[in-house]
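This report refers to the structure that appears directly beneath it.
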C-alpha cells in the first residue's frame with residue numbers, strides 16, 4: 002500500500018482521496034502487525050509466569066548496556082524521521098533527505114550493535130538455547146526458554162528493521178528524484194508510521210529482555 | 003497503471019478481451035482478472051483436497067482399512083484438512099466472488115490497492131507450491147491442527163514445509179482482508195451509505211475483520227511451532243517448562259474465528275440470491291447485517307470450546323459454552339430472515355436458488371448440531387468422534403461449498419458473459435444435495451455410536467454406515483465434477499448473457515456482462531435502498 006504512485010490512480014476521485022486511503026491502509030496493516038507480535042509477548046509473559054527464576058537467570062545474562070544504547074538509537078532515529086516528515090510538509094525536500102539518511106544510519110547502527118556485537122557475544126557465551134547451553138543447574142530449563150524468546154523476538158524485530166531500512170532507503174531515492182512536495186508526500190508518512198511501529202515493538206521488547214527480573 | 007488509465011478511453015472493451023497475452027493476465031491489477039486467476043487456483047486445490055477425501059472414504063469401506071498403513075491414512079486426512087481449510091474454504095468466496103464483486107457492488111473501478119491484490123494471489127500461489135511440495139515429499143501426519151507435542155517432537159512428516167505454506171497463505175488472506183476493509187470504507191459510490199450496501203459486502207467486511215485480526219496470531223503461533231520443531235526447544239515443550247496447551251489456545255484463537263471466515267461469505271451470497279429469486283425485498287436487512295458483525299465479534303470469544311476435554315477448568319468451560327451458544331442467535335436470525343424473505347415472494351427455482359435452499363437446510367442442521375457439541379456434558383461424549391466431523395462438514399461443505407456454487411452460478415453470466423446450461427445446473431444442485439446428505443448424515447450416527455475420528459480402522463459393527471457414507475461420497479464427487487464440466491463447456495458454447503439475466507438489483511447488474519475493465523462508464527449514483535424488488539412485506543410497504 003505504500004506503493005502509491007505520485008499520479009492519481011483511476012479508482013480514486015482525487016489525490017486527497019487516494020492519500021487518505023493509503024494512510025488508513027497503513028494503519029490497518031499496523032493493526033495486523035500488533036496481532037502478529039501479540040502472541041509472542043503473551044507467550045513470553047505466560048511462560049515467565051511459570052518459570053520466573055529461570056527467566057530471571059536468563060535475563061541477567063543479557064547485555065543491558067548494548068540494549069539501552071540501542072533503545073536510544075532507535076527512538077532517536079524515529080524522532081529524526083518525524084522531523085523529516087515535518088520538513089516535507091513545508092516542501093523541504095533537501096531537509097527530508099538529510100533526516101532520512103540520519104534515520105537510516107541510526108537504524109543500521111542498531112542492527113550492527115544488535116546482531117554484529119550483541120548476538121555474537123551471546124553465541125560466544127553459549128547462550129543460544131541449544132544442547133550446549135551455558136547455564137546449568139535447576140534454572141537451566143527456564144533460562145533456555147527465556148533465550149528462545151530472546152532470539153526469536155530479536156530476530157523477528159530485526160527482520161522488521163531490515164524491511165524498514167529498505168523502505169526508508171526507498172524514500173531517500175524517491176526524494177532525491179524530487180518526487181515529493183508539500184502537496185504529495187503520502188509514502189513518507191506511510192513509511193514513517195511503519196518505522197515508528199518498529200520502535201514500539203522494541204519498547205516492549207526492551208524491558209522484557211533486559212529489565213524484568215534483572216535485579217532479582 | 004498507465005495501461006489501465008489508457009483503457010478508460012475505449013469504454014466498450016470487456017475485461018476479458020482487454021489484453022490477451024499471458025503477461026496481461028499474470029501482471030494484471032484488474033480485480034476481475036485476479037478473481038479469475040484465483041478461481042482457477044482454488045478449483046485446482048479443491049480437487050487436490052477432494053482426491054484426498056475420496057481416498058479417505060475409500061479406506062473406510064472396510065473395517066480393517068482398504069489402503070496402506072495407518073500412517074498413510076494420517077497423512078491423507080491431514081492433507082485433506084490443510085488443503086481444504088487454507089487453500090479452498092478460507093479463500094474461496096472472498097478471493098473469487100469477493101474480488102470480482104466488491105468494487106462492482108460499491109460502484110468503484112477497482113479495489114483500493116490493486117497491486118496488493120495481485121501480490122496476494124502470488125503469495126497464495128507460493129503457499130500452494132509449498133503445500134504441494136510437502137504433499138509430494140510425503141505429507142504430514144499431524145492433522146490440520148498441528149497439536150503439540152505431536153507436531154514438534156513426534157511427527158515424522160514434513161511439518162515445517164506445511165507450516166511455511168500456511169504461514170504464507172495467511173499473509174495472502176491478510177492482504178485480501180485489508181484491501182476489502184479499506185475499499186469498503188473508501189470507495190463507496192456517491193449515495194452508497196452503509197445501510198444501502200448489499201449484505202454481501204457487509205458479510206465480507208465482517209469476514210475481513212476476522213482475517214485481518216486473527217490470521218497474524220496464527221502466523222506467530224506457527225513461527226513458535228517451527229522454531230520448536232527445528233531447534234528441539236520451545237515454548238510448547240512441557241519438559242523444559244513450556245505448555246502444550248498454550249499452542250491450543252493460540253491456534254484456536256485464530257482457527258475458531260477462521261471457521262466463521264469459512265461461513266460468513268456464504269451468508270452474504272445467500273442474502274443476495276434469496277431476494278433475487280423471491281423477487282422480494284430482503285426481510286430484516288439491518289438484522290441480517292448486524293448478525294454478521296456480531297458473529298465476527300462473538301467468534302473471537304469462543305475458542306475455548308475446542309478444549310473442553312483438554313483440561314480446562316469447569317468455570318472457563320462454562321463461560322466458553324455459554325458464549326458458543328450465543329453464536330446460534332445471530333445465525334438463527336439469518337435463517338429466519340431468509341425464510342421470511344421467501345414468504346409471500348414469487349419464488350423461482352433456478353440453479354442458484356436450489357443451491358441456496360440446500361445451503362439453508364444443510365447449514366441449519368450443521369448449526370443446530372453445533373449446539374450439541376457446545377453443551378459440556380454432550381461434548382464429553384461426542385468430542386473426537388464422527389459427530390464432530392459430520393457437524394463441521396454440514397457447515398463447511400453443505401453450507402459454504404453450496405453457497406460458493408450458488409454464487410458461482412448466480413454471477414457466472416456477469417463474470418463470463420455466458421449462461422450456464424440451466425437444466426444441468428439444477429441437476430447438479432440436486433445431486434450435490436442428496437450426495438452430501440448420504441455422505442455425512444451416517445457420520446452423525448457413527449459419531450453418536452462412538453466411532454472416533456482420525457482412525458485408519460474401526461470395529462466391524464460400524465461398517466454399514468461407513469459404506470453408506472462412502473457411497474454418498476461417490477455421488478458427491480459426480481455432483482462436483484458436473485459443474486466443472488458444464489461450466490467449462492459454457493465458457494465456449496454457452497448462450498450470451500444479457501446485462502441482468504436474473505432481473506436482480508445491485509450495481510453489478512447495471513454494467514455490461516462481462517464488465518468493461520473500468521467497470522462503469524460513469525460512476526453510478528445510488529438512490530434506492532438495497533434489494534429494491536417489487537414485492538415487499540407489509541411493514542415495508544408503509545415505510
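Chains as they are written, first to last, in this note's numbering: chain R, 2 to 217; chain B, 3 to 545. Cβ atoms here follow ideal geometry from the backbone N, Cα and C, with glycine treated the same way.
Within the DSSP secondary-structure output, residue 537/B pairs in a beta bridge with 282/B. Interface annotation, residue 217/R: not in contact with chain B, CB-CB separation never under 8 Å. Contacts with chain B at 8 Å (Cβ-Cβ) include residue 33/R. Cβ-Cβ separation between residue 159/R and residue 112/R: approximately 6 Å, consistent with a contact (criterion under 8 Å).
Taking C-beta atoms as the reference points, residue 508/B and residue 222/B fail to come closer than 8 Å. Check the Cα spacing between residue 199/B and each of 63/B, 36/B, 394/B, 109/B: the tightest is with 109/B. Beta-bridge analysis with DSSP links residue 387/B to 454/B. The C-beta distance from residue 406/B to residue 95/B rounds to 6 Å, short enough to meet the 8 Å contact threshold. Taking the C-beta atoms as reference points, residue 384/B is found nearer than 8 Å to residue 375/B.
Using a 10 angstroms sphere on the CB of residue 534/B, the tally of other CB atoms stays under 16, which defines it as exposed.
Judged by DSSP secondary structure, residue 125/R falls within the alpha helix (DSSP H) whose first and last residues are 120-125.
Relative to the Cα of residue 241/B, the nearest Cα in the group 193/B, 498/B, 157/B, 150/B belongs to 150/B. Of all residues in the region 83-115 of chain B, only 110, 111, 112, 114, 115 place a beta-carbon less than 7 Å from a beta-carbon of chain R.
Residue 231/B: member of the alpha helix (DSSP H) spanning 201-233, first to last residue.
According to the DSSP assignment, residue 344/B belongs to the alpha helix (DSSP H) that extends over 316-344.
Its Cα nearest to that of residue 306/B, the residue 321/B stands out among 235/B, 321/B, 180/B, 299/B. With fewer than 16 other beta carbons inside 10 angstroms of its own, residue 497/B counts as exposed. Shown here is that no member of the region 466-495 of chain B has a Cβ falling below 7 Å from a Cβ of chain R. For residue 187/B, the neighbours in chain R by C-beta distance under 9 Å run, in chain order, 22, 25. Here the alpha carbons of residue 186/B and residue 191/R stand approximately 20 Å from one another. Two segments are said to touch when three or more pairs of C-beta atoms, one from each, lie closer than 8 Å; by this definition the region 124-132 of chain B touches the region 168-183 of chain B. Here DSSP, grouped into helix, strand and coil, assigns residue 190/B to coil. Assigned with DSSP and collapsed to three states, residue 61/R falls in coil, not helix or strand. The closest CA to that of residue 99/B, considering only 402/B, 495/B, 239/B, is found on 402/B. Here residue 437/B has 474, 477, 478, 481 as same chain residues with Cβ atoms under 6 Å from its own Cβ, once five neighbours each way along the sequence are excluded.
Residue pairing of residue 498/B in beta bridges, as defined by DSSP: 420/B.
By alpha-carbon distance to residue 135/B, the top candidate from 159/B, 113/B, 413/B, 144/B is 159/B.
Counting along the chain, no alpha helix (DSSP H) covers residue 215/R, and no H or E run does either.
Its chain contains 356 as the residues whose beta carbon lies nearer than 8 Å to that of residue 432/B, once the 5 sequence neighbours on both sides are disregarded; these appear in chain order. Chain R has no Cβ within less than 8 Å of the Cβ of residue 523/B. Under the 8 Å criterion on CB atoms, residue 183/B is classed as interfacial with respect to chain R. When 8 Å is used as the limit between beta carbons, residue 47/R is near these residues of chain B: 245, 248, in chain order. Around the C-beta of residue 139/B, fewer than 16 other C-beta atoms lie within 10 Å, and the residue is accordingly described as exposed. For chain B, the residues of the region 124-156 of chain R that bring a beta carbon within less than 7 Å of one of its beta carbons are 130, 131, 142, 143, 145, 146, 149, 153, in chain order.
The beta carbons of residue 81/R and residue 181/R sit about 17 Å from each other, so the pair does not count as a contact at 8 Å. Contact between the region 163-170 of chain R and the region 251-266 of chain B is absent: fewer than three C-beta pairs spanning the two stretches fall below 8 Å.
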